[in-house]
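First up is the structure itself, then whatever we jot down about it.
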Amino acid sequence: MDTNDQYGGHHDTGRPRLRARGRARGAVPRRVRLAAAAGTAALALTAGLATPLDPAPREALAAGDGKRTLTVAVAQSVDSLSPFLAVRLLSTSIHRLTYDYLTNYDPEDNHVVPGLATRWKSSPDKLTWTYTIRSDSKWSDGKRATAEDAAWTFHTMMTDEGAATANGSFVANFEEVTAPSPTELVIRLKKPQATMTALDVPIVPRHVWEKVDDFSKFNNDEDLPVVGNGPFVLTGYKADSYVRLKANEDFWRGAPKFDELIFRYYKDQDAAVSALRKGEVSFVAGSPSLTPAQAASLENEKNIKVNDAPGRRFYALATNPGARAGNGEKMGDGHPSLLDRRVRNALFRAVDRKTIVDKVFQGHAVDGAGYIPPRYAQYFWEPSAGQELAYDPGEAARLLDRAGFRKNGDGKRVGADGKPLNYRILCHATDPNDKAIGKYLEEWWGDLGIGVTLHCLDNVTDPWLAGEYDLAFDGWSVNPDPDFVLSIHTCGALPATPEDTGATDNFICDKKYDGLYAQQLAEYDPAERASLVKRMQSRLYDLGYMNVMAYPNAVEAYRTDQIESITTMPSKAGNIYGQDGYWSWWSAVPADSDEGSGDSSPTGVVVGIVAAAVLLTGLGVFVAMRRRATAEDRE
């Protein structure tokens, strides 16, 4: 939960969209640590050293004060600058810029490439993984980054509940982590784990962080600049206002071409677009995307380029399934009628997806179905003709009749208790799409005799996590590997008690679905795993708790008189903001620089990476690129 990017995210991730709107109750949520599932197929993997095409730091041409500043308008504030606590898309994106991870993802096609680790290998039983840590990475205070830093980071997450808040699921299956030498990291597992080449955990400097007394409360926002080893160094921060970073001239892959990078918070998206027009900001991503009207207004603007590409998000309407904790205790105040699948199906039968795509998104989206967008063709799923909950108001009315909710003399649907059906819908005050679709729901469901009240809030997180809603707009940015977005609907993702915060998206718990989830995570044959993932989406569709209405495009814009070129991910047609890496901001070339390339790619920039040689052997091997179980993906 992108992020969570809430809508829940992500999870972008983003997340949200908590990915991307924040998944915390307050600043530092206590999260359920999901045990990492075991892989049972044979896996032997090694990766060779990746040599960047251009590792030498570059310097942009000076002008004015000599600094080249790239300013990004964002619609989200930081929840925490501690990588142990951060769950919002903006925060986790900043950590990708300031700390190196063991591995990274290639911007062209998302395959795994070296990060802090230059190569890795597993033992024949897949229970011991050995990583070679690069010797040319150093912290911004001048000290060398070593395997001991990585071992300490993981061990702290294994032994301290506060430190495991954001990423504890990655280490739940770790037995022991050691650093036999400065360049060797060894991780022993309790059972095989398919995410060992995708441990999306920021590695922090031990000599700085071992002084922290309480990881659950330390937000890392007072002692600036923050010591890191990524492409940027965090130098300034003001809550709900801005984050300032400077280029790390000693970054092993090469310094960014902009001297400074600023993320500036705008609560009002129109104000952010206006700032782009005036040249006050370099880039606008929206919340999480620009509206069609905003994009259209920028299309013919001088010195502005609109990036409109197939997205990695789904946009959905979620019903409260009877929120409860893992201990069985009920939570919240969801309308009891929604426990009846016929009622849920009736509501979704009265949603016209074509109108939403054509009128609200104005063609910058495609009709929704399953949880995986068409961008990931291998996992994309659509319901069969007989299974589809197609737009049919007549059938919706018949379903409500059969469920015992008939119209009274005033045309209102009432139950056996004589009370009319009225539903509260959580929506984001900053998202115009929520409000526009909410108006359609008022009309469509009003024709059925159902009352609708839109609750558009700046903070949807608290009522969402408490189960205090009937329906809510939801959405996630989906990763190349779908494991995370599928995991948020497992029973294990529920909060342990009503006082805890779980990793669940919408309190769904279904044993049949859980069984399919365990199977797909242990399956290394790509075709077999894809089949299981599609069966999981089919099961969620039939349960009827979530209605995926659309797959929106990534719509964002930047000033070409400030940014000459910038990398999208994937490179042929992808997004700029909220990437699985630091490529966009690291690669961005200032417009008045002489460093632009003649590259013919859509963004006209060469990102030189010679990928690691990855040798996969054994029975149908598949490297699962599971993303961190955080709101980085929710929006």
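Heads up, the sequence shown is in our numbering, so the first residue is 2 and it goes up one at a time. All C-beta atoms in this analysis are idealised placements derived from N, C-alpha and C, irrespective of residue type, glycine included. Please read these numbers as outputs of a predicted model, since none were measured by experiment.
Under the three-state reduction of DSSP, which class applies to residue i: helix, strand or coil?
i, result
"Leu495", "coil"
"Ile95", "helix"
"Gln379", "coil"
"Arg135", "coil"
"Gly237", "strand"
"His429", "strand"
"Gln194", "strand"
"Ala317", "strand"
"Phe406", "coil"
"Phe175", "strand"
"Ala391", "coil"
"Pro337", "helix"
"Asn423", "strand"
"Leu71", "strand"
"Leu246", "strand"
"Thr154", "helix"
"Ala148", "helix"
"Arg345", "helix"
"Ser1", "No answer is possible for residue 1: it lies beyond the span of the chain, which begins at 2 and ends at 636."
"Arg254", "coil"
"Arg189", "strand"
"Val590", "strand"
"Ser478", "strand"
"Trp584", "helix"
Look at residue i and residue j and say whether their C-beta atoms are less than 9 angstroms apart.
i, j, result
"Ile426", "Phe474", "yes"
"Ala592", "Thr561", "yes"
"Leu472", "Tyr525", "no"
"Asp251", "Ser136", "no"
"Leu103", "Val202", "yes"
"Thr147", "Thr184", "yes"
"Asp108", "Thr568", "First, the amino acid is wrong: residue 108 is Pro here, not Asp. Yes, the pair counts as a contact, with Cβ atoms nearer than the cut-off."
"Lys408", "Arg399", "no"
"Tyr266", "Ser242", "yes"
"Pro1", "Gln379", "Given that the chain is displayed from residue 2 to residue 636, the structure contains no residue 1 and the question cannot be resolved."
"Val73", "Trp586", "yes"
"Thr131", "Leu186", "yes"
"Cys457", "Lys440", "no"
"Val479", "Ala286", "no"
"Gly229", "Thr99", "yes"
"Gly327", "Leu495", "yes"
"Asn168", "Pro289", "no"
"Gly575", "Ala310", "yes"
"Phe315", "Gly476", "yes"
"Leu90", "Ser78", "no"
Express the C-alpha separation of residue j and residue i in angstroms, rounding to a whole number.
i, j, result
"Leu291", "Thr356", "19 angstroms"
"Val352", "Gly364", "17 angstroms"
"Ser170", "Met158", "10 angstroms"
"Met332", "Ala497", "12 angstroms"
"Phe233", "Phe216", "23 angstroms"
"Gly9", "Ile489", "Caution is warranted here: a pLDDT of 30 is assigned to Gly9, below 50, making its placement in the model unreliable, and the coordinate value is therefore given only provisionally. Rounded to whole angstroms, Gly9 to Ile489 spans 11 angstroms at the Cα level."
"Val590", "Pro571", "18 angstroms"
"Gly255", "Ala152", "25 angstroms"
"Gly369", "Val205", "40 angstroms"
"Val88", "Val367", "28 angstroms"
"Gln270", "Ala417", "45 angstroms"
"Ala272", "Thr93", "24 angstroms"
"Leu442", "Val453", "7 angstroms"
"Gly329", "Thr505", "14 angstroms"
"Thr462", "Tyr470", "11 angstroms"
"Pro56", "Asn174", "Because Pro56 carries a pLDDT of 33, less than 50, the predicted location of this residue cannot be relied on, and no value is offered for it."
"Val556", "Val307", "7 angstroms"
"Gly116", "Gly280", "34 angstroms"
"Gln521", "Gly468", "29 angstroms"
"Ala195", "Phe349", "36 angstroms"
"Tyr124", "His336", "According to the sequence as given, residue 124 is Ser; it is not Tyr. One C-alpha to the other measures close to 52 angstroms."
"Ile188", "Asp110", "28 angstroms"
At the 9 angstroms Cβ level, is residue i part of the contact set with chain C, yes or no?
i, result
"Asp201", "Of the protein chains in the structure, only one exists, and it is not chain C."
Counting only runs that start and end within the region 521-558, where is the beta strand (DSSP E) found for 3 or more residues in a row?
547-553
Whole alpha helix (DSSP H) elements within the region 434-475, 4-residue minimum
462-466
Would you be able to state if there are at least three C-beta pairs under 8 angstroms between the region 319-335 and the region 373-390?
no
Enumerated in chain order, which unbroken segments of the alpha helix (DSSP H) with a length of 4 residues or greater are wholly contained in the region 263-308?
270-279 and 293-300
Is the region 543-551 close to the region 256-267, with three or more CB pairs under 8 angstroms?
no
Would you call the region 340-349 in contact with the region 570-584, where contact means no fewer than 3 C-beta pairs closer than 8 angstroms?
no
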